[in-house]
Amino acid sequence: MSITEPGVYRVRDVDVDAAPDWRLVVVRPERGRAGLLRALGTALRFPDWYAANFDALADCLRDLPDRTVLVWHGWSTLLAEDHQAFHTALDVLAERAADAVAPDLVVLLPGPGPDLGDAPQVSEP
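Note that numbering that gives the first Met the number 0 numbers the sequence shown so that position 108 is 107, with each residue one more than the last.
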């Protein structure tokens, strides 16, 4: 897979060599909304004021300094456990990826999982 456009993508696997000029961030969150928010804050090296909520996530994502590929392992677990939290996270990530002013953001949802037909912001490469 070649990364050409910012966005959120459902992929079978991830080839880390496909993006040599991008910052690669891999997230393997603990379970639940709080686990995801903590894992994102740690992996993306958010500032100390990051409060691990979706508003703070949106604020900190706007300040990412480099083109970033975010690989979200375990996304399907959050979807199964907390559908609303999954879709809120997806909305925040997709909105940031669509920001034409900030450095590019690509979010990869690797591996098996349920159909995401109800998530129009997710593409398949």
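By construction, the Cβ of each residue, glycine as well, lies at the ideal position given by its N, Cα and C atoms. Model, not experiment: these values are computed from the prediction.
What does the alpha-carbon distance come out to for the pair residue i and residue j?
i: residue 42; j: residue 100; result: 23 Å
i: residue 14; j: residue 108; result: 13 Å
i: residue 95; j: residue 10; result: 19 Å
i: residue 146; j: residue 70; result: There is simply no residue 146 to check, as the chain begins at 0 and stops at 124 in what is shown.
i: residue 89; j: residue 65; result: 20 Å
i: residue 63; j: residue 102; result: 7 Å
i: residue 85; j: residue 46; result: 23 Å
i: residue 32; j: residue 81; result: 7 Å
i: residue 28; j: residue 110; result: 15 Å
i: residue 6; j: residue 30; result: 24 Å
i: residue 20; j: residue 4; result: 14 Å
i: residue 61; j: residue 54; result: 11 Å
i: residue 58; j: residue 93; result: 14 Å
Here's the rule I'm using: 16 or more other beta-carbon atoms within 10 Å means buried, otherwise exposed. How should residue i be labelled?
i: residue 48; result: exposed
i: residue 116; result: exposed
i: residue 143; result: For the chain, the structure presents residues 0 to 124; residue 143 sits outside this window and is missing.
i: residue 97; result: exposed
i: residue 50; result: exposed
If I measure Cβ to Cβ from residue i and keep anything under 7 Å in the same chain, skipping five residues before and after, which residues do I get?
i: residue 39; result: 26, 56
List the DSSP bridge partners of residue i.
i: residue 69; result: 24, 106
Which residues in the same chain have their Cβ closer than 6 Å to the Cβ of residue i, if we skip the five residues on either side of it in sequence?
i: residue 72; result: 27
i: residue 22; result: 65, 67
i: residue 37; result: 51
i: residue 74; result: 108
i: residue 91; result: 53, 56, 57
When you measure from the CB of residue i to every non-hydrogen atom of the ligand PLP, does any distance come out below 7 Å?
i: residue 75; result: Here there are no bound small molecules, and the ligand PLP is not part of this structure.
Item to check | In chain order, each beta strand (DSSP E) run of at least 3 residues that lies wholly inside the region 79-106 | outcome: none
Next on the checklist: List, from N- to C-terminal side, the alpha helix (DSSP H) runs of 4 residues or more that fit wholly inside the region 22-63.
Outcome noted: 31-42, 53-61
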